[in-house]
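Going by this note's numbering, the sequence shown opens with residue 63, and the numbers climb by one from there.
Yeah, the Cβ is synthetic: ideal placement off N, Cα and C, and Gly gets one too.
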Amino acid sequence: MSMFRIFFLPNWEHAKDQYRLLGENVAKLRTDLMKEQLATFRSQLEDFARKHKNDIRKNPTFRAQFHEMCAKVGVDPLASNKGFWAELLGIGDFYYELGVQIVEICLNTRSHNGGLINLPELCNLLRQRRKGDRGAVTEDDCLRAISKLKVMGSGFEVISVGKKKLFGLCQRN
């Protein structure tokens, strides 16, 4: 056995273990810090939502920006209509109500368009139907409501044809 192995190998193994432990501690500290920052951010997001509840409900642009901000931190206010966000903002009910109205419009216009309707036209018909403050609906709102319909296995979906988006009942074989 060489002198190198006798003197340095045991020290090398010890140093390697120390570096591994140090790495694990640093990783745990970083994870704990990230969890703390995320909890703080979510708390601030909840406060923001409480303060701007009416704007989120009534202003479609503000609502879309709020959804985008939530998505970036992994919060889905639409995940459950019985969850904290739905209860606080009432947006779960908003999208489910919108989904029902979208299906009704699609079924009512089926004899004219074969069951496929252009998304902007669908939004216009929805706005006419909802009128007033309730009429402020965007394509983003329609797409979110349609995504809620998919959970029910309804067969309704958005189809892209070129740059156009069509909505309708699609049966897959």
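Using the three-state DSSP reduction, which class does residue i fall into: helix, strand or coil?
i: G85; result: helix
i: G230; result: strand
i: V223; result: strand
i: N180; result: strand
Using only CA atoms, which one of the options lies nearest to residue i?
i: Y228; options: G217, L184, K210, L188; result: Per the sequence presented here, residue 228 reads as Leu, with Tyr not at that position. It is L184 whose Cα lies nearest to the Cα of L228.
i: L181; options: L211, K225, Y158; result: K225
i: A133; options: L107, K115, R172; result: L107
i: L205; options: Q163, N170, T102; result: Q163
i: F124; options: G136, V135, A111; result: A111
i: K193; options: S173, S222, L160, L169; result: L160
i: F156; options: T171, N175, V199, E130; result: V199
i: Y158; options: N73, L91, K212; result: K212
i: L100; options: K113, K115, G136, I221; result: G136
Apart from the five residues just before and just after residue i, which ones in its own chain have a Cβ nearer than 6 Å to its Cβ?
i: S209; result: none
i: L231; result: G177, G217, F218
i: G85; result: none
Can you give me the Cβ contacts of residue i inside the same chain, cut-off strictly under 8 Å, excluding the 5 residues immediately before and after it?
i: I270; result: The first residue shown for the chain is 63 and the last is 235, placing residue 270 beyond what the model contains.
i: H76; result: none
i: L83; result: none
i: H114; result: F124, F128
i: P122; result: A198, V199, T200, D202, D203
Are the Cβ atoms of residue i and residue j separated by less than 7 Å?
i: A89; j: D202; result: no
i: I118; j: F128; result: yes
Residues in the same chain with beta-carbon distance under 7 Å from residue i, minus the five sequence neighbours each way, listed in chain order, please.
i: A207; result: Y157, L160, G161, I164
**OP:** Could you tell me which uninterrupted alpha helix (DSSP H) segments, each at least 4 residues in length, are contained entirely in the segment 99-124, listed from first to last along the chain?
**Re:** 115-120
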